[in-house]
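Visitor: If you scroll down you'll find the structure; I have some questions about it.
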Amino acid sequence: MEGLSEDDLCWLQLDDFRMLLIKTIDPSKITPYLRQCQVISAEDEEQLFNDPTLILKRRKVGALLDILQRTGVKGYTAFLESLELDYPNLYSRITGKEPNKTFSILIDTAGESGLTQFLMSELTRLQRALQDERRRRQQACSVAKEQEVWSCQQQLKDRELRKLTERVQKIREEREQLNEEVKQLRDHNYSLMADINTLNQDKSNALLANRDLQIEVERLKHTVQRAENQTRMLRRRT
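Under the working numbering, the residue at position 168 of the sequence shown is numbered 413, and the numbers go up by one with no gaps.
So, in structure tokens, the structure goes:
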């Protein structure tokens, strides 16, 4: 690769991994180290995290790699060291080496005190992240407990609903049975009323017949009495 500078050569080695880097890296994790190494500036960070054209994380990583590439070997070395710190597996895949965390660029740039300051800030960041994770875990446990209580309440409501449904079904069956009995009683009552009407009609007919008989009896009595009177009169004459 004649005509290429050392700066170009080192970054050319990362071209095969560029898509993997863009897909994997979270810029907010590695920028603190890169800033301590002075390979990115405050203005660079402002652009990365506030530029409306860099909303997607992948675009931020691509822009960060472009910024670092302009710093040559120093930016390349600082970038690999940031991978050693935050993405050791990715570092090993790219370089074929195990991470040893020498932080050479940071020491050369900021000295031992700068390394100490960075490590202290990283420790603080990790402690804060641990606290946040514990808080999220507590919140998750609280939510899980609330979900468990809610689930128990729902199970209780489901059991009560099943009991009510069974009771309603039983009441419905009892109502249908009672309706059938009422229908049968109504039909029986209609039959009784028909029988009573027939009996009343028979009684009325019997009363009429009895009245006719009484009239006939009275007529016969009158006829007999008249005949007796006539017989007595004839006897007197003879």
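Beta carbons: idealized from backbone N, C-alpha and C, even for Gly. In this text the structure is predicted, and so the values were computed from the model without any measurement.
Can you give the Cα-Cα distance for I312 and E251, rounded to whole angstroms?
Guide: Within the sequence shown, numbered from 1, the residue matching residue 312 stands at position 67. Within the sequence shown, numbered from 1, the residue matching residue 251 stands at position 6. If you take the alpha carbons of I312 and E251, they lie about 17 Å apart.
Visitor: Looking at the unbroken alpha helix (DSSP H) that takes in K274, where does it start and where does it end?
Guide: Along the sequence shown, one-based indexing puts residue 274 at 29. Segment 272-281, the alpha helix (DSSP H) holding K274.
Visitor: If you compare alpha carbons, which of T316, Q400, S337, L301 is closest to C282?
Guide: On the sequence shown, residue 282 is found 37 positions in, with the first residue counted as 1. Measuring from the Cα of C282, the nearest candidate turns out to be T316.
Visitor: Start and end of the alpha helix (DSSP H) containing N295?
Guide: Taking the sequence shown and counting its residues from 1, the one referred to as residue 295 is at position 50. That run of the alpha helix (DSSP H) goes 287-295.
Visitor: Could you pull out every residue in the same chain whose Cβ sits closer than 8 Å to the Cβ of L401, ignoring the five residues on either side in sequence?
Guide: In the sequence shown, counting from the first residue as 1, residue 401 sits at position 156. None.
Visitor: Rounded to a whole number of angstroms, what is the C-alpha to C-alpha distance between T276 and V388?
Guide: Mapped onto the sequence shown, residue 276 falls at position 31. Mapped onto the sequence shown, residue 388 falls at position 143. Computed Cα separation, rounded: 34 Å.
Visitor: Let me confirm a value: G320 is counted as buried when at least 16 other C-beta atoms fall within 10 Å, else exposed. Which label applies?
Guide: Position 75 of the sequence shown, counted from the first residue, corresponds to residue 320. It is buried - the Cβ of G320 has at least 16 other Cβ atoms within 10 Å.
Visitor: Using the Cα positions of R382 and Q376, report the straight-line distance between them to the nearest angstrom.
Guide: Position 137 of the sequence shown, counted from the start, is the residue given in the question as residue 382. Position 131 of the sequence shown, counted from the start, is the residue given in the question as residue 376. If I take the Cα positions, the gap works out to 10 Å.
Visitor: Are the Cβ atoms of K274 and R303 separated by less than 8 Å?
Guide: By 1-based counting over the sequence shown, the position of residue 274 is 29. By 1-based counting over the sequence shown, the position of residue 303 is 58. Not a contact, by the Cβ cut-off of 8 Å.
Visitor: Using the three-state DSSP reduction, which class does K342 fall into: helix, strand or coil?
Guide: Residue 342 sits at position 97 when you count from the first residue of the sequence shown. Correct three-state label for K342: coil.
Visitor: Between the alpha carbons of E329 and E393, how many angstroms are there, rounded?
Guide: Locating residue 329 in the sequence shown gives position 84, where the first residue counts as 1. Locating residue 393 in the sequence shown gives position 148, where the first residue counts as 1. Using only the alpha carbons, I get a separation of about 42 Å.
Visitor: Out of L309, D440, T322, A374, point me to the one whose CA is closest to L254's CA.
Guide: To locate residue 254, count along the sequence shown from 1; it is residue 9. The option with the nearest alpha carbon to L254 is T322.
Visitor: Mind checking which residues open and close the alpha helix (DSSP H) that includes R303?
Guide: Locating residue 303 in the sequence shown gives position 58, where the first residue counts as 1. Counting along the chain, the alpha helix (DSSP H) containing R303 begins and ends at 302-314.
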